[in-house]
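The number in my numbering is simply the position in the sequence shown, starting from 1, with 6 added. Cβ coordinates follow ideal geometry from the N, Cα and C atoms, glycine included. Report on one structure; see the data block that follows.
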Amino acid sequence: MDEVEEAGIGAEATGPVPGWGWTESALAMMVLVWGVNFAVVKSALAVFEPLAFNALRFAVASVFVGAVLRAQGALVMPERRHLPRIVWLGLLGNVAYQLCFILGLSLTRAGSAALILALTPIFTAFLSMLTGHERPGWRTWAGALLSVFGIGLVTGAGALLEGSDALAGDLILALAAVVWAVYTVGARPIVDRYGSVPTTAWTLWVGTAGLLVLGAPAILRQRWEAVDARAWGGLLFSALFAIGLAYLIWYRGVERIGNTRTAIFSNLTPVVAMIAAAAMLGERPTGWAVLGAAMTLTGVMVVRSDRS
7 MDEVEEAGIG AEATGPVPGW GWTESALAMM VLVWGVNFAV VKSALAVFEP LAFNALRFAV
67 ASVFVGAVLR AQGALVMPER RHLPRIVWLG LLGNVAYQLC FILGLSLTRA GSAALILALT
127 PIFTAFLSML TGHERPGWRT WAGALLSVFG IGLVTGAGAL LEGSDALAGD LILALAAVVW
187 AVYTVGARPI VDRYGSVPTT AWTLWVGTAG LLVLGAPAIL RQRWEAVDAR AWGGLLFSAL
247 FAIGLAYLIW YRGVERIGNT RTAIFSNLTP VVAMIAAAAM LGERPTGWAV LGAAMTLTGV
307 MVVRSDRS
C-alpha cells in the first residue's frame, strides 16, 4: 500500500454516523441543486451542442473553484509522485463521467436519468468493500438486486415511450454511475492527504482541459444566435452550483463522513429531479416508471440500513 493510501482514513469518516451537522446540511443542498440540474441541463441542450455546453460550463466551474482555493490561502500543488493519480482521477471523473452524463441525458428523459444515477451509492459501497474501507452485509446485496430490477422497469418504460434512443441513453447513464463510483472511491486517499478543496480543484482543472479539447469542434459549430438568456442562465447555474459548489460539497462529505455515507445523499436526487422535470419540462412518468422508481429508491435505502 503506497503512502497516499496510508495517509489516514479519518476516524470521523469510518466511525459511527455522526449527528446532523453542517456537512449533512450542505449535502442536502447539493441534492436539491443536482435534482434541479437535470431539468436545467435538459432544457439548455435544446439549443446547445452537448459537448460545447459541457466544455463551457466546466471552464466556468474551474475558475470558480480556483477562486475558492485562492481565498483559502496560497495555491498548493501535489507531490510529483501523486500527479499520475490526480490526472487519472480528473480524466475519469470529469471527462469520462461528464461525457456519459451529457450524452446519456441528451437521449433520455431527465427523470429517468436521475433514477439511473441513483445506483451510484450501491456501486460506491461495493468498491469501498473491495478496497477494504467497508464490509457490506446481506442487506446491501438485497438492496442492490431490488434497485437493479427497478432500473430495468424505468429503462423499459423509457424505451416504450421514446424508442431505442432512450434505452441507449439509459445504458450510457448506468455506465456514468459506475464511473462516478470509481472516481469517488479512487479519490479518497488524495482527499485524506491534501484536503477536499485542493483535490476538487486539481481534478476539475485536469478534466476541464480534456473537455475543452474534446468540445472545441462543437464550440466552433455551435449556432450562438440560437442560445437565449434562459440557456445561458442554465449554463451558469450548472457551472457554478451543480459542478463548482456541488463538487466542493461532495469531497467535503467524503473527507468528513466517508464514501458511502456521502453517496447515500444522492438517493434523494431522483425525487427532486422528477418533480423538477414535471414542473419545468412537462415530463409525466408512467406507472411502470413510478414503480421502478419506488423499487430503486427502496433498494438503495435498504443498502443504507446495512449497519455492517
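Original post:
What's the C-alpha gap between ALA124 and PHE70?
Top reply: Here residue 124 refers to the residue found at position 118 when the sequence shown is read from its first residue. Here residue 70 refers to the residue found at position 64 when the sequence shown is read from its first residue. Cα to Cα, the separation comes out at about 27 Å.
**OP:** Measure from the alpha carbon of LEU220 to the alpha carbon of each residue in MET35, VAL101 and ALA73, then state which is nearest.
**Re:** What you label residue 220 is simply residue 214 of the sequence shown in a count that begins at 1. Per the Cα distances, VAL101.
Subject >> Secondary structure of PHE129, DSSP reduced to three states >> reply: To locate residue 129, count along the sequence shown from 1; it is residue 123. Correct three-state label for PHE129: helix.
**OP:** Given a cut-off of 7 Å, decide if ALA269 and PRO2 are closer than it, judged by their beta-carbon atoms.
**Re:** Only positions 7 to 314 of the chain appear in the structure, and residue 2 is not among them; the question remains open.
Original post:
With respect to 6 Å, is the separation between the Cβ of LEU105 and the closest non-hydrogen atom of the ligand SAH below this value?
Top reply: You won't find the ligand SAH in this model; it holds no ligand whatsoever.
**OP:** Give every residue of the same chain whose Cβ lies closer than 7 Å to the Cβ of LEU81, excluding the five residues on either side of it in the sequence, and list them in chain order.
**Re:** In the sequence shown, counting from the first residue as 1, residue 81 sits at position 75. Only LEU75 meet the Cβ criterion.
**OP:** Work out the CA separation of MET301 and LEU57 for me, nearest whole Å.
**Re:** Along the sequence shown, read from residue 1 onward, the residue named residue 57 stands at position 51. Along the sequence shown, read from residue 1 onward, the residue named residue 301 stands at position 295. Their Cα atoms are separated by approximately 33 Å.
Original post:
Would you report the Cα separation of ALA73 and PRO204, rounded to the nearest angstrom?
Top reply: Taking the sequence shown and counting its residues from 1, one reaches residue 73 at position 67. Taking the sequence shown and counting its residues from 1, one reaches residue 204 at position 198. Rounded to the nearest angstrom, the two C-alpha atoms are 11 Å apart.
**OP:** Go to THR137, then tell me how far its alpha helix (DSSP H) extends in each direction, as first and last residue.
**Re:** As a working mapping, residue 137 is identified with position 131 in the sequence shown. Note, THR137: premise wrong, no alpha helix (DSSP H); not H, not E.
Original post:
LEU303: buried (16+ other C-beta within 10 angstroms of its C-beta) or exposed?
Top reply: Along the sequence shown, one-based indexing puts residue 303 at 297. LEU303 sits buried, since 16 or more C-beta atoms from the chains shown fall within 10 Å of its C-beta.
Subject >> Anticipated Cβ contact below 8 Å, ILE122 with ALA183, distance rounded >> reply: For the purposes of this step, residue 122 is identified with residue 116 of the sequence shown, where counting begins at 1. For the purposes of this step, residue 183 is identified with residue 177 of the sequence shown, where counting begins at 1. 7 Å between Cβ atoms; contact.
**OP:** Grab me the residues of MET35's own chain with a C-beta within less than 8 Å of its C-beta, minus the 5 sequence neighbours each way, in chain order.
**Re:** For the purposes of this step, residue 35 is taken as residue 29 along the sequence shown, with counting starting at 1. Cβ neighbours of MET35 beyond the five flanking positions: ILE255.
Original post:
Enumerated in chain order, which unbroken segments of the alpha helix (DSSP H) with a length of 4 residues or greater are wholly contained in the region 22-91?
Top reply: Taken in chain order, the complete alpha helix (DSSP H) segments of 4 or more residues contained in the region 22-91 are 28-50 and 56-77.
Subject >> Short Cβ contact (7 Å threshold) for ALA187 with THR130 >> reply: Against the sequence shown, residue 187 aligns to sequence position 181. Against the sequence shown, residue 130 aligns to sequence position 124. It is a contact, given that the beta carbons lie within the stated cut-off.
Original post:
Whose C-beta lies closer than 7 Å to the C-beta of THR206 among residues of the same chain, with five residues either side of it excluded?
Top reply: One-based indexing of the sequence shown puts residue 206 at position 200. Only VAL71, TYR253, LEU254 and TYR257 meet the Cβ criterion.
Subject >> Span separating the alpha-carbon of ILE196 from that of THR209 >> reply: For the purposes of this step, residue 196 is taken as residue 190 along the sequence shown, with counting starting at 1. For the purposes of this step, residue 209 is taken as residue 203 along the sequence shown, with counting starting at 1. ILE196 and THR209: Cα-Cα distance of roughly 10 Å.
**OP:** Output the boundary residues of the alpha helix (DSSP H) element that contains ALA102.
**Re:** In the sequence shown, residue 102 corresponds to position 96, counting from 1. That residue, ALA102, is in no alpha helix (DSSP H); it is neither H nor E in DSSP.
**OP:** Kindly indicate which three-state DSSP category VAL191 falls into: helix, strand or coil?
**Re:** The residue given as residue 191 occupies position 185 in the sequence shown. Three-state DSSP puts VAL191 in a helix.
Original post:
Run through DSSP, which three-state label would GLY288 get?
Top reply: Your numbering for residue 288 matches position 282 in the sequence shown. GLY288 carries a coil assignment under DSSP once its states are collapsed to helix, strand and coil.
**OP:** Classify GLY239 as buried or exposed, calling it buried when 16 or more other Cβ atoms lie within 10 Å of its own Cβ.
**Re:** Here residue 239 refers to the residue found at position 233 when the sequence shown is read from its first residue. Counting Cβ neighbours within 10 Å, GLY239 comes out exposed, since fewer than 16 surround it.
Subject >> CB-CB length for GLY41 against ALA282, believed under 8 Å >> reply: As a position in the sequence shown, residue 41 is number 35, starting the count at 1. As a position in the sequence shown, residue 282 is number 276, starting the count at 1. Rounded, the Cβ-Cβ distance is 6 Å, consistent with contact.
**OP:** Round the Cβ separation of VAL260 and ARG194 to the nearest angstrom and send it over; I've been treating them as touching at under 8 Å.
**Re:** By one-based count along the sequence shown, residue 260 stands at place 254. By one-based count along the sequence shown, residue 194 stands at place 188. With a Cβ gap of about 6 Å, VAL260 and ARG194 count as contacting.
Original post:
To the nearest angstrom, how far is it from the Cα of PHE64 to the Cα of GLY293?
Top reply: Here residue 64 refers to the residue found at position 58 of the sequence shown. Here residue 293 refers to the residue found at position 287 of the sequence shown. Distance from the CA of PHE64 to the CA of GLY293, rounded to the nearest whole angstrom, comes to 36 Å.
**OP:** State the DSSP-derived secondary structure class of THR214, mapped to helix, strand or coil.
**Re:** Working through the sequence shown from its first residue, we reach residue 214 at position 208. In the structure shown, THR214 sits in a helix (DSSP, three-state: H, G or I).
Subject >> Three-way DSSP call (helix, strand, coil) for VAL233 in this model >> reply: Your numbering for residue 233 matches position 227 in the sequence shown. Here DSSP, grouped into helix, strand and coil, assigns VAL233 to coil.
Subject >> Given VAL278 as reference, the closest of PHE59, ALA180 and SER118 once Cα atoms are compared >> reply: Translated into positions along the sequence shown, residue 278 becomes position 272. The residue from PHE59, ALA180 and SER118 with its alpha-carbon nearest to that of VAL278 is SER118.
**OP:** Kindly list the residues whose CB is nearer than 6 Å to the CB of THR190, restricted to its own chain and excluding five residues on each side of it in sequence; keep chain order.
**Re:** Against the sequence shown, residue 190 aligns to sequence position 184. Residues THR130 and ASN265 of the same chain have their beta carbon placed closer than 6 Å to that of THR190, with the five preceding and five following residues left out of the count.
Original post:
In this structure, does DSSP put ARG115 in helix, strand or coil?
Top reply: For the purposes of this step, residue 115 is taken as the residue at position 109 of the sequence shown. Here ARG115 sits in coil by DSSP.
Original post:
Rounded C-beta distance between LEU111 and PHE44? I'm assuming under 8 Å.
Top reply: The count along the sequence shown starts at 1 and reaches residue 111 at position 105. The count along the sequence shown starts at 1 and reaches residue 44 at position 38. Cβ atoms of LEU111 and PHE44 come within 8 Å of each other, at about 7 Å.
Subject >> Check whether VAL46 and PHE243 have beta carbons under 7 Å apart >> reply: Sequence index remark: in the sequence shown, residue 46 carries index 40 (1-based). Sequence index remark: in the sequence shown, residue 243 carries index 237 (1-based). Taking 7 Å as the Cβ cut-off, VAL46 and PHE243 qualify as a contacting pair.
Original post:
For GLY264, which three-state DSSP category applies?
Top reply: In the sequence shown, the residue the question calls residue 264 occupies position 258. Three-state DSSP puts GLY264 in coil, outside helix and strand.
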